[in-house]
Amino acid sequence: MKIASWNVNSVRARVHNIVEWLESEQPDVALLQELKSEDETFPYADFEKLGYKCEISGQKSWNGVAILSKHEIKDVIRKLPFDDSDEQARYIEATINGVRLASIYLPNGNPVDTEKYPYKLKWMDRLYKHAKNLIENEKMVVLGGDYNIIPTEQDCYDPSAWADDALFKIESRQKYRSLLNLGLTDAFRVKNDKAEQYSFWDYQRGAWPKNEGIRIDHFLLSAQATDCLENCYIDKGPRAKEKASDHTPIIIELNI
DNA sequence: ATGGTGGTTCTACCA
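At position 60 of the first sequence the residue is numbered 60 (my numbering), and the sequence of numbers has no breaks.
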């Protein structure tokens with residue numbers, strides 16, 4: 001079972017790039033983030049003609065997450081629990097082939113001297129509580145998405161440049177580590193221990209040609225899912241295309 | 001220190 005996660009930075013601006021990649025790579029499941037689309041304007045037909053069913057949590061202008069699947073999608077939830085007042089479309093979860101899957105768009109948190117940073121940290125506390133419940137109640141758990149977290153110094157081109165950023169500040173990384181301490185595994189680091197392996201390059205400052213990127217798109221797997229992990233890799237191809245997203249897909253392959 | 005780019009939407013906001 002091949003599962004991809006990709007922050008597409010607008011599903012409508014990127015639909016041709018996404019279709020081209022899905023046709024080429026044929027993942028069973030694609031977890032998308034930053035749709036920047038409401039449900040009504042989501043390009044369902046473009047994906048359905050490739051054989052994908054689509055479940056989305058959309059929102060006007062910002063955020064928005066989706067699960068695309070060639071297989072039946074069951075038991076969908078569209079909100080991260082523990083705060084009913086949160087209107088931001090950043091979480092969708094469902095069961096496919098017996099695997100409980102989530103598409104996550106974790107808050108960025110910058111600037112850190114605004115309410116955005118405590119919102120990020122509180123969102124991570126909610127994710128922790130929910131992930132704990134998931135692990136206790138499900139065997140195969142796959143939490144993929146844009147975590148907006150640089151886990152370690154080897155996951156960015158210049159740690160000093162990120163020191164005071166919400167993606168790298170110690171509180172953010174501590175909460176990410178707490179997710180791992182629940183028993184979740186960063187699938188990428190099971191299969192790849194090299195530095196300079198990135199999933200995001202800023203549009204500015206020539207970050208892409210200079211490979212000044214960061215690794216912020218992750219798959220966290222339960223123990224049972226980790227034991228089924230055959231491969232995990234980042235596909236840099238889409239980042240080099242015309243009209244590219246600033247993120248590129250990360251893919252896992254599970255033997256189930 | 002600033003501005004560099006790109007998306008949504010129409011005036012800033014977000015990343």
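Just so it is clear, CB atoms sit at the ideal spot from N, CA and C, and this is done for glycine as well.
The structure displayed is predicted, hence computed values, not measured ones.
Just to confirm the assignment: which complete alpha helix (DSSP H) runs, minimum length 4, are found wholly within the region 31-69? Fully contained in the region 31-69 are the following alpha helix (DSSP H) runs of length 4 or more, in chain order: 44-48.
What beta strand (DSSP E) runs, 3 residues minimum, are completely inside the region 141-203? You should have 141-146.
Can you give me the Cβ contacts of residue 50 inside the same chain, cut-off strictly under 6 Å, excluding the 5 residues immediately before and after it? Result list for residue 50: 22, in chain order.
Span of the beta strand (DSSP E) around residue 247: Element bounds for residue 247: n/a, residue is neither H nor E.
Please classify residue 155 as buried or exposed, where buried requires at least 16 other C-beta atoms within 10 Å of its C-beta. Result: buried.
How many angstroms separate the CA atom of residue 131 from the CA atom of residue 220? About 10 Å.
Take residue 262 as the anchor and find which of 244, 238, 245, 229 has the nearest alpha-carbon. Limits of the chain in this structure are 1 at one end and 256 at the other, which puts residue 262 out of reach.
Distance, Cα to Cα, residue 28 vs residue 72? Rounded to whole angstroms, residue 28 to residue 72 spans 11 Å at the Cα level.
Pick from 165, 89, 137: whose alpha carbon is nearest that of residue 36? It is 89 whose Cα lies nearest to the Cα of residue 36.
So if DSSP puts residue 95 in a beta bridge, which residue, or which two residues, is it bridged to? In DSSP, residue 95 forms a bridge with 74, 100.
Compute the beta-carbon to beta-carbon distance between residue 68 and residue 145, rounded to the nearest angstrom, for a pair I have assumed lies under 8 Å. Actually they do not touch by this definition, with Cβ atoms about 14 Å apart.
Since residue 230 is in the beta strand (DSSP E), which residue starts that stretch and which ends it? 229-234 is the span of the beta strand (DSSP E), which, as asked, contains residue 230.
Could you give the residue range of the alpha helix (DSSP H) that holds residue 17? First-last of the alpha helix (DSSP H) with residue 17: 15-25.
Which two residues bound the contiguous beta strand (DSSP E) that contains residue 2? Start and end: 2-7.
Exposed unless 16 or more other CB atoms sit within 10 angstroms - verdict on residue 101: With 16 or more other CB atoms across the displayed protein chains lying within 10 angstroms of its CB, residue 101 is buried.
Mind checking which residues open and close the beta strand (DSSP E) that includes residue 134? Where residue 134 is concerned, there is no enclosing beta strand (DSSP E), although the alpha helix (DSSP H) it sits in stretches over 116-137.
Could you pull out every residue in the same chain whose Cβ sits closer than 8 Å to the Cβ of residue 15, ignoring the five residues on either side in sequence? If the five residues before and after residue 15 are omitted, its C-beta is found closer than 8 Å to the C-beta atoms of 43, 46, all from its own chain and listed in chain order.
Run through the DSSP bridge pairs and tell me what residue 256 is partnered with. Under DSSP, residue 256 takes part in no beta bridge, so it has no partner.
Taking the alpha-carbon of residue 96 as reference, which of 116, 121, 70 has the nearest alpha-carbon? When only C-alpha atoms are compared, the closest one is 70.
How should residue 174 be labelled, buried or exposed, when 16 other C-beta atoms within 10 angstroms of its C-beta is the threshold for buried? Here residue 174 is exposed: its Cβ has fewer than 16 other Cβ atoms, across all protein chains shown, within 10 Å.
Do the region 233-247 and the region 198-205 touch if we need at least three Cβ pairs shorter than 8 Å? Touching, per the Cβ criterion.
From residue 242 to residue 55, what does the alpha carbon distance come to, in whole angstroms? Taking the straight line from one Cα to the other gives about 27 Å.
Euclidean distance between Cα positions of residue 74 and residue 57: Approximately 15 Å between the Cα atoms of the pair.
Round the Cβ separation of residue 226 and residue 190 to the nearest angstrom and send it over; I've been treating them as touching at under 8 Å. So it is a contact: roughly 7 Å between Cβ atoms.
Taking 7 Å as the limit between beta carbons, can you name the residues of its chain near residue 236, skipping five residues before and five after? Counting only Cβ-Cβ distances below 7 Å, and skipping sequence neighbours, we find 248.
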